[in-house]
Amino acid sequence: MRGTKGRRSWHLYKLGVRWRSIVEWFVLGGVAIGILLAFVLGDMTERLDWTVYDVVLEQLVDQPRNDMIVVNIDDRSLRELGQWPWPRSLHARLLETLAQASPRAVLYDVLFTEPTDEDEVLAHAVRLTPTYLPVLMTHGAGEHTDLPEAIMPVPALRTAAAGLGFVNVDADRDGILRGMQLVVQARERKWPQFVVPVYMRLRNQSAPADRGCEFEPPNHRGQPITSHGAQCPTHILIPFNRAFYRIPEVSFSAVLRGEVPPEFFRNRIVFIGATAPGLSDHFATPNAESNGVTPGIFIHVSVLTTLLNQNEIRPASKVEIILLSMIPLCSLLAAMLISTPARAFACLVVLLAITGFASQYLLRFERMWISPVPAIAVLLLTYFLWSWRRLALAMSWLVEELEQLTREPHIFPDLNRGPEPRGDVLARYMSSIRYVTKRQREMRRFIWNTLNSLPHPVLVSNRSTHILFLNTAARSYLSRTRRAVPDIHTQLATVLGSLTFVRTVDGKDIAPSVKWPEVLDSQTETDSTIMTRGVEVKDSDGHHHLLRYVFSEGIEGSPDTWIATLVDITQTLSAQRQRDELLSFLSHDMRSPLGSILVLLAESRGTEGATMDESTLQQIERHANRTLDLADNFVRLAHAESQTYSFQTLDLAEIALDACDEVWALAREKQIKVECLREDVDECWIVADGTLMRRALVNLLNNAIKYSVSGSNVECHVRVAVEAPEYVQCVVRDHGFGIESRHLPYLFERFRRFRRRGQPETEGVGLGLAFVKTVIERHRGAIAVQSTPGNGTSFTIVLPTAAEYLSQTSSHDAGG
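First residue of the sequence shown? That's 1 in full-length UniProt numbering, and the numbers climb one at a time after it.
Have a look at this one:
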């Protein structure tokens, strides 16, 4: 019930966090769109926009036109022809010279706004070629002060010119000229830019100078756009390129002096303007060749070249910038909502690259300029804001979890937290994290040490029985029995399936429909019930184990687990078997003599005046002695198994001699000769409990005498072991009836007695050899038996010498 409630609260918490994330996502989306609108509508990124534009513009390379030429009013002309202003007759001479070559058009970028006596002379020369004159726009006083006033050439020139156009330019806020207005609304009418009438005439369009703005400028694909009235989109960006400045140039004075042949101007567009410093206007433009400025006459060259080549750049409107910038922004918002942080960051990088490349593509191939700066700036700000909100949400969750962990009782209540830091919030959070982390580390270390210190194997798995954890005992046991430790996530059935099923703990066998080791998977309710009650299994070493599962229900999202324990119950079963044997011994072997005594006594009382004869008394004595022997042997065995030994340095040969003396009477009764042989007397010292060791040798000698025929010999031979000089051997050999080989493995078990056919009945209870084996093993020794039916039996005892025993004791104490 507690686990279900914890899971429900966990799911509700995750649901709340999810809804909070969605709400914040919508809020962030609105904020991002608002920032984008502010960037675009408020021109907040204008300077950076133009900086990026200038860099990208350098990648555009155009070929210069070969049908244009510039006549410079340069320093040479001023030196040779006199100071400025020149008489208009001088300008007329230049036009008359050019008229001989029949140029396609002449753009004379000199203001003739003041009347002179030579106006008619110049007007006559203007009529000889298609000559276009400039108009100056100024802001003066009077009505419509928000509109400029056009200052036109004198009337004679105005009527003689092929066309008029304004020469004013408007640089951007950073002082760099990047674009041009093709039409300007003046007070009296609209005026085209200086080169627009030339462009229209070259395209065979009629545009008289007095008809204002009724012309069709090209769009960015070179197609006409009808532009009547105020609706015409007349602002274009000029792709200023160094190729524009590589057209032929000649000096004004050189033309007048005849240094330039007339054919040089044939069918060309001639630009005439000032380039001398201090005389001409210079404007900062992108990609300018010298000092970052361009003379005004080359501005007109660039504009006309752009129109004729039909490669003008159209600046995107603010609506277009907003709509196109929304595409990467919405993509990033979607990625942040449905993707992982790593994928969202990768999406950000991709969108930034796509935005930059898309802007370059539109500029290069579509002749449309959309600055990527607003979109890139909004993408970065959005990602940073989203990361900040994710971090804030994670921090709030972490603080809440830390506070909850801090309030929970701890297994180590005395853990020193230290003083609470003051001031910085982050420092307090870090202190809390450090404290809780230390608590969790101590808890984890405690749990791991506890599991690893358990003496029996423990295996933890998930609900599908895939192993998650093995303690040290489990690793040691599996490496010993399987020759290799299994990998994590291996199923329990694979790891424990090699065990042999013995029985269930409750005594009921596994149902026939379930086969071992399938029950280890615990996929059914029956299998789970069986494994939680436990089963007895046997491994390849013959050890018996109790295998039991414990189910642990996960809390607050943690997985359900099975905890499997494998407890070695071999000694427990052995003790139980000994208990059963003891009960059998008490119920039969000790009750039988006592019952016989009671029967004899009852018969004696049943005869009136009868007294016990010698035969009855002998039977009673025999039964009583048998019972006494049973009790003595049982007590001796119990003492040998449980009591603390009193070890001393003794001579094994002397102990053997004492044992031979103790059995002398029994041997004499059966006319058996007992020989005690000793070799290497000085090397037969051992560390032993003299009383128990002597009793063990007496038991062996008694058995040898009892199971030998009269007139035979029994030898007790003490010597240093030939194969291992640090050990002493004691061999007790008889020449009696012998023991069959099938009985030898069970010879040292309790209450085991064996008798061959034809062998006389002997007294005994089957505890003597069990006593001998227990005593020898408690002395760190070993006993072996060899027997041939009809030829006798030989028992060999091997014990460490006193020096070896003390060496083993020192090594054991040093090792721990």
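For each residue, glycine too, the CB sits at the ideal point set by N, CA and C.
Bear in mind the structure is a predicted one, so any value in this text is a computation, not a measurement.
Contacting residues, own chain, Cβ-Cβ under 6 Å from leucine 177 (five flanking each side not counted)
Val169, Ala171, Phe283, Thr285
Hey, could you find the ends of the beta strand (DSSP E) threonine 234 is sitting in?
From DSSP, threonine 234 is part of no beta strand (DSSP E); its letter is neither H nor E.
Please return the same chain residues whose Cβ sits closer than 7 Å to the Cβ of aspartate 119, not counting the five positions on each side in sequence.
Arg88, Val154, Ala156, Leu157
Between Arg719, Arg668, Thr649, which has its C-alpha nearest leucine 677's C-alpha?
Arg719
By the 10 Å Cβ neighbour count, where 16 or more other Cβ atoms means buried, how is asparagine 241 classified, buried or exposed?
buried
Check whether the region 728-738 and the region 699-709 touch, using three or more Cβ-Cβ pairs below 8 Å as the test.
yes
Look at the Cβ atom of serine 712, then the Cβ atom of isoleucine 672, and state whether they are nearer than 8 Å.
yes
DSSP-derived helix/strand/coil call for glutamine 576:
helix
Any chance the region 191-201 sits against the region 331-348, with 3 or more Cβ pairs inside 8 Å?
no
Cβ pair count under 8 Å reaching 3, the region 290-304 against the region 94-113:
yes
Looking at valine 458: is its Cβ nearer than 8 Å to the Cβ of alanine 473?
yes
With distances taken from CA atoms, which of Trp25, Leu90, Leu304, Val121 is nearest isoleucine 69?
Leu304
Nearest to histidine 456 by alpha carbon, out of Met395, Ser479, Thr565, Val485?
Thr565
Could you have a look at glycine 781 and say whether DSSP puts it in helix, strand or coil?
coil
I need the straight-line Cα distance from alanine 150 to leucine 48, nearest angstrom please.
34 Å
Buried or exposed (CB count within 10 angstroms, at least 16 for buried), leucine 41
exposed
Helix, strand or coil: which one does DSSP assign to aspartate 146?
coil
Please go through the same chain and pick out, in chain order, the residues whose beta-carbon is closer than 6 Å to the beta-carbon of tyrosine 805, but skip the five residues on each side of it.
Val687
Straight-line Cα distance separating cysteine 684 from proline 800:
9 Å
Going by DSSP, name the residue or residues bridged to aspartate 651.
Trp685
The alpha helix (DSSP H) with asparagine 791 in it runs from where to where?
Unbroken run through asparagine 791: none, as it is neither H nor E.
Provide the residue(s) that pair with alanine 564 in DSSP beta bridges, ordered along the chain.
Leu459, Tyr549
Selection from Asp682, Glu408, Leu496, Ile563 that minimises the alpha carbon distance to arginine 439:
Glu408
May I have the straight-line CA-CA distance separating isoleucine 33 from proline 248, to the nearest angstrom?
51 Å
Determine the burial state of leucine 323: buried for a count of at least 16 other Cβ atoms within 10 Å of its Cβ, exposed for fewer.
exposed
Using DSSP's beta-bridge definition, name the partner residues of aspartate 119.
Partner(s): none; aspartate 119 has no beta bridge.
Measuring alpha carbon to alpha carbon, tell me which of Ser794, Asp661, Val775, Arg189 ends up nearest alanine 784.
Ser794
Residue closest to glutamate 312, alpha-carbon to alpha-carbon, out of Leu60, Ile447, Gly542:
Leu60
Going by alpha carbons, who is nearest to histidine 466 out of Leu520, Val505, Leu747?
Leu520
Would you say leucine 136 and glutamine 185 are within 8 Å of each other, going by their C-beta atoms?
no
Taking aspartate 480 as the reference, give the member of Asn452, Met531, Ser540, Leu454 with the closest Cα.
A small fix is needed here, since residue 480 is arginine in this sequence, not aspartate. Out of Asn452, Met531, Ser540, Leu454, Ser540 has the C-alpha closest to the C-alpha of arginine 480.
Classify glycine 30 as helix, strand or coil using the three-state DSSP reduction.
helix
Within 10 Å of its beta-carbon, does leucine 426 have 16 or more other beta-carbons around it, so buried, or fewer, so exposed?
exposed
CA-to-CA distance, valine 255 to leucine 98, given in whole angstroms
9 Å
Determine the DSSP secondary structure at threonine 500, reduced to helix, strand or coil.
strand
For tyrosine 199, does the three-state DSSP call read helix, strand or coil?
helix
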